[in-house]
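*Asks:*
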Amino acid sequence: MLKSLYVRDYALIEELRVEFDAGLTVITGETGAGKSILIGALQAILGERTSPSAIRSGAAKAVIEGMFDQADDPSVASLLQEYAVDPAPVIILRREITPSYSRGFINDSPATLQAMRAVASRLIDLHGQHEHQSLLNVSTHIGLLDDFGRLGEACESYTDHFRSFSALLAERDVLTARQRDMEEKRALHAFQIEEIDRISPREGEEELLENERRVLEHAERLHEASVRLSSALYEGGDSIHDQLVAVRDELRELAEIDLRFEEILGEIDSACIVTAETSSFLKQYGEQAAFDPERLEEIRTRLVDIRGLARKYGGTLEAVLEHRRRIGEARDEAERFDEALDALANRITTTQEALSGAAVRLSARRQEVADAIREAVEEECSKLGMVDCRFEVRFSVDEDPEGWILAGDRRMAAHASGMDRVEFYISTNRGEALRPLARVASGGEISRIMLALKTVLARSEAFPILVFDEIDTGISGAVASKVGQSLHVLAANHQIVAITHLPQIAVQGDTHFVVEKYVEGDRTKTRIRRLVENQRAEHLAGLMAGADVTDAALQSAQDLMEASRKGGA
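So that you can map any letter, position 99 of the sequence shown is 1116 in this note's numbering, and since no number is skipped, the others follow by simple counting.
Written out as structure tokens, the structure is:
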């Protein structure tokens, strides 16, 4: 229940507080007095977007606050916890609007507009001035049908499968595009892998081969020099080794005279050893060094092959090996893509089956609900003066050979709301064929049909508060009386707030407020006042007759009130 609405510095409102009661509250007032301002203020705390232009001229900010008694509704308590707000019996939604930003609060905790909308959607249903026109938009019909049938769980199940299937198809598109790109390169990569693997170069091989090539090309010189140097170092009577030995022997004799010569004897001994070892190495090298033309040609050919690869794949052997690693990984990835696509295809098939099942089940539930909503709407329309009204929900599907929904041997397009196309058909006069609602209903009929729908939806929904902004569009007289009576009946189980211009509706109110515009000093302001019982007749007479209230108009208003009390207005 909406307990109160506080508004400060919003549009023409300087400050006001409205205390609401249960039952039917009607709000009247001259055109332009500010009734729509109240609705705008209410929409602000329901999380709708606002404009800085709504701030009252000269004020720093506008403040709107609504207090709701949520009667320990567990769904509301759960929602509050989801948005980190401690559950409480009373919920206060507040909106502050400044020239540069707006802020929202739930029970004094900062809240996003999304949070405010989510919480408000569990408390109140606001039927705006032009909402009845939404019936002319066929796309809204399926939602109304689902709301009436409480098909939220079935719709959510379908939506989950729809999103999953859409995501899988998107994933398949990405993988397929990458696979196509890989396929275009697969033949080239296969050729390059075969070319590199045929030569099979090894890391560091070029440097080793180049060194071996130089040795073979200079084998004769290396042999001759090794033999000559080995002989000079160790062989013959005047070899370097023999000369070092002679020097060593004489130094030993000198050391017996002066011990300081012993310091260099070790160096000479080492030189003798090194000379002998070097000569041995050179002798062995000279014996092994031989020109091998076949091996030299083999090395030259190998180097040509390796350097040919290097010219094609990066300039160096390291670049060739890195390129081979990359294209090898690309080949392996392409093979894994085939496996991934196969696995994805299985998931797509499974999810499509689940999607199709959910769509078929949801459609069957809707078919069942269609009969119930038809009977309920026809009954309510009859109460609203449309006694010959016939209402029908018609279904269609889009056959599509590429459709996502499989039902037997049929394929149908999948939409965000299911496989069904839903449209309301109506006949308002006896003997007339049913036709699309959007094409045959008049303005007054649309208003009454929307009220009928709201009435039947209210039976199945938990909205404790229903707000109607000018539900009386396009009606008058006896029809207006029936609309008022219907609102009064609806108010037995819901708190109803209705803005109206018609006395036949206003008279049904359990509580009656009047919105007035007045001038104070040099400022135009808006205020709202609650009518007491003895003021209502005069105000209703004004709604009937205009500014000049005659005795006859006053008597008619009193008669209208008396009839209302007896239940027949």
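The beta carbon of each residue, even a glycine, is placed where N, CA and C say it ideally should be. Just so we're clear, the structure is a prediction, and the values are computed from it rather than from any experiment.
(1) My guess is that Glu1227 and Leu1313 are in contact by the Cβ rule of under 8 Å, so how many angstroms apart are they, rounded?
(2) Less than 8 Å between the CB atoms is what I'm expecting for Val1035 and Leu1022, so what's the real figure, rounded?
(3) For the beta strand (DSSP E) that contains Ile1316, what are its first and last residues?
(4) Could you have a look at Gln986 and say whether DSSP puts it in helix, strand or coil?
(5) If contacts are defined as beta-carbon pairs under 8 Å, then Leu1379 and Ile1422 qualify, I think. What distance do you get, rounded to the angstrom?
(6) Which value, in whole angstroms, describes the spacing of the CA atoms of Ser1126 and Val1102?
(7) List the endpoints of the continuous alpha helix (DSSP H) containing Gly1501.
(8) Select from His1235, Val1291 and Glu1280 the residue whose C-alpha is nearest the C-alpha of Pro1310.
(9) Can you tell me the Cα-Cα spacing of Gly1402 and Ile1109, whole angstroms?
(10) Near Ile1344, which residues of its chain fall below 7 Å by C-beta distance, leaving aside the five closest residues on each side in sequence?
(11) Whose C-alpha, out of Leu1474, Leu1334, Arg1230 and Ala1523, is nearest the C-alpha of Ile1488?
(12) Taking 8 Å as the cut-off, does the segment 1448 to 1458 touch the segment 1045 to 1060 (at least 3 CB pairs, one atom from each stretch)?
(13) Tell me whether Gly1435 sits in a helix, a strand or coil according to DSSP, three-state version.
(14) Confirm, please, whether the CB-CB distance from Gly1057 to Ala1076 is below 8 Å.
(15) Counting beta carbon pairs with one atom in the segment 1386 to 1400 and one in the segment 1164 to 1175, are three or more of them shorter than 8 Å?
(16) With DSSP as the reference, label Phe1037 as helix, strand or coil.
(17) Taking the runs of the alpha helix (DSSP H) that are 4 residues or longer, which of them lie wholly in the segment 1042 to 1072?
(18) Going by DSSP, what residue range makes up the beta strand (DSSP E) through Ala1424?
(19) Can you grab the Cα-Cα spacing for the pair Cys1172 / Asn1363, in whole Å?
(20) Could you check whether Leu1029 and Ile1141 sit closer than 8 Å to each other, using their CB atoms as the reference points?
(21) Taking a contact to mean a Cβ-Cβ separation below 8 Å, would you say Ala1430 touches Asp1417 in this structure?
(22) Put Asp1198 into one of helix, strand or coil per three-state DSSP.
(23) State the Cα-Cα distance for the pair Asp1405 and Arg1180, rounded to the nearest angstrom.
(24) From which residue to which residue does the beta strand (DSSP E) around Asp1486 run?
(25) Between the segment 1284 to 1291 and the segment 1262 to 1274, can you find at least three pairs of beta-carbon atoms closer than 8 Å?
(26) Given a threshold of 16 other Cβ atoms within 10 Å of its Cβ, counted over all protein chains shown, does Arg1111 qualify as buried or as exposed?
(27) For Gly1494, I'd like the list of residues in its chain whose CB is within less than 8 Å of its CB, leaving aside the five on either flank, ordered along the chain.
(28) Do Gln1512 and Leu1019 have their C-beta atoms within less than 8 Å of each other?
(29) Does the Cβ-Cβ distance between Thr1517 and Asp1038 come in under 8 Å?
(30) Under the three-state reduction of DSSP, which class applies to Asp1489: helix, strand or coil?
(31) Could you tell me whether the Cβ atoms of Phe1485 and Ala1509 are closer together than 8 Å?
(32) Does the distance from the CB of Phe1408 to the CB of Arg1391 come in under 8 Å?
(33) For Lys1078, report the span of its alpha helix (DSSP H) as first-last.
(34) Using the DSSP secondary-structure output, state which residues sit across from Gly1121 in a beta bridge.
*Replies:* In short:
(1) As a working note, residue 1227 is residue 210 in the sequence shown. As a working note, residue 1313 is residue 296 in the sequence shown. Not really, about 12 Å apart at Cβ, beyond 8 Å.
(2) For the purposes of this step, residue 1035 is identified with residue 18 of the sequence shown, where counting begins at 1. For the purposes of this step, residue 1022 is identified with residue 5 of the sequence shown, where counting begins at 1. Between Leu1022 and Val1035 the Cβ distance is about 5 Å, and since that is below 8 Å, they are a contact.
(3) Locating residue 1316 in the sequence shown gives position 299, where the first residue counts as 1. Note, Ile1316: premise wrong, no beta strand (DSSP E); alpha helix (DSSP H) at Pro1310 to Lys1329.
(4) Any property of residue 986 remains undetermined from this structure, which presents the chain solely from 1018 to 1586.
(5) In the sequence shown, residue 1379 corresponds to position 362, counting from 1. In the sequence shown, residue 1422 corresponds to position 405, counting from 1. Not quite, the Cβ-Cβ distance comes to about 11 Å (not below 8 Å), so this is no contact.
(6) What you label residue 1126 is simply residue 109 of the sequence shown in a count that begins at 1. What you label residue 1102 is simply residue 85 of the sequence shown in a count that begins at 1. Each residue's alpha carbon lies about 7 Å from the other.
(7) For the purposes of this step, residue 1501 is taken as residue 484 along the sequence shown, with counting starting at 1. Run containing Gly1501: Gly1494 to Leu1507, per the alpha helix (DSSP H) assignment.
(8) Your numbering for residue 1310 matches position 293 in the sequence shown. Considering only alpha carbons, the answer is His1235.
(9) Within the sequence shown, the letter at position 385 stands for residue 1402. Within the sequence shown, the letter at position 92 stands for residue 1109. In a straight line, the C-alpha of Gly1402 is about 40 Å away from that of Ile1109.
(10) Here residue 1344 corresponds to residue number 327 of the sequence shown, with the count starting at 1. Here the set comprises His1206, Gln1209 and Ile1210.
(11) Numbered from 1 along the sequence shown, position 471 holds the residue referred to as residue 1488. Closest option to Ile1488, Cα to Cα, is Ala1523.
(12) no
(13) Translated into positions along the sequence shown, residue 1435 becomes position 418. Correct three-state label for Gly1435: strand.
(14) For the purposes of this step, residue 1076 is taken as the residue at position 59 of the sequence shown. For the purposes of this step, residue 1057 is taken as the residue at position 40 of the sequence shown. In this structure, Gly1057 does not lie closer than 8 Å to Ala1076 by Cβ.
(15) yes
(16) Sequence index remark: in the sequence shown, residue 1037 carries index 20 (1-based). Here Phe1037 sits in coil by DSSP.
(17) 1052 to 1062
(18) Start at 1 with the first residue of the sequence shown, and residue 1424 comes out as number 407. Looking at the DSSP string, the run of the beta strand (DSSP E) that includes Ala1424 is Ile1422 to Ala1424.
(19) Sequence index remark: in the sequence shown, residue 1172 carries index 155 (1-based). Sequence index remark: in the sequence shown, residue 1363 carries index 346 (1-based). Straight-line Cα distance between these residues: approximately 25 Å.
(20) Stepping through the sequence shown from its first residue, residue 1141 is reached at position 124. Stepping through the sequence shown from its first residue, residue 1029 is reached at position 12. No, the pair does not count as a contact, with Cβ atoms beyond the cut-off.
(21) Taking the sequence shown and counting its residues from 1, one reaches residue 1430 at position 413. Taking the sequence shown and counting its residues from 1, one reaches residue 1417 at position 400. Taking 8 Å as the Cβ cut-off, Ala1430 and Asp1417 qualify as a contacting pair.
(22) Counting from 1 along the sequence shown, the entry for residue 1198 is found at position 181. Of the three classes helix, strand and coil, the one that applies to Asp1198 here is helix, per DSSP.
(23) As a first step, residue 1405 is located in the sequence shown; it is residue number 388 there, counting from the start. As a first step, residue 1180 is located in the sequence shown; it is residue number 163 there, counting from the start. Cα to Cα, the separation comes out at about 43 Å.
(24) Mapped onto the sequence shown, residue 1486 falls at position 469. Unbroken beta strand (DSSP E) run through Asp1486: Ile1482 to Asp1486.
(25) yes
(26) Taking the first residue of the sequence shown as 1, we reach residue 1111 at position 94. So Arg1111 ends up on the buried side.
(27) As a first step, residue 1494 must be located in the sequence shown, where it is residue number 477. Correct list, in chain order: Gln1521.
(28) For the purposes of this step, residue 1512 is taken as the residue at position 495 of the sequence shown. For the purposes of this step, residue 1019 is taken as the residue at position 2 of the sequence shown. In contact: Gln1512 and Leu1019 (Cβ atoms closer than 8 Å).
(29) For the purposes of this step, residue 1517 is taken as the residue at position 500 of the sequence shown. For the purposes of this step, residue 1038 is taken as the residue at position 21 of the sequence shown. It is not a contact, given that the beta carbons lie outside the stated cut-off.
(30) Within the sequence shown, numbered from 1, the residue matching residue 1489 stands at position 472. Note: Asp1489 maps to coil in three-state DSSP.
(31) Locating residue 1485 in the sequence shown gives position 468, counting from the first residue. Locating residue 1509 in the sequence shown gives position 492, counting from the first residue. Going by C-beta atoms, Phe1485 is not nearer than 8 Å to Ala1509.
(32) Your numbering for residue 1408 matches position 391 in the sequence shown. Your numbering for residue 1391 matches position 374 in the sequence shown. Taking 8 Å as the Cβ cut-off, Phe1408 and Arg1391 qualify as a contacting pair.
(33) Looking up residue 1078 in the sequence shown gives position 61. Looking at the DSSP string, Lys1078 is not in any alpha helix (DSSP H), and its letter there is neither H nor E.
(34) Walking along the sequence shown from the start, residue 1121 turns up at place 104. In DSSP, Gly1121 forms a bridge with Arg1112 and Ala1128.
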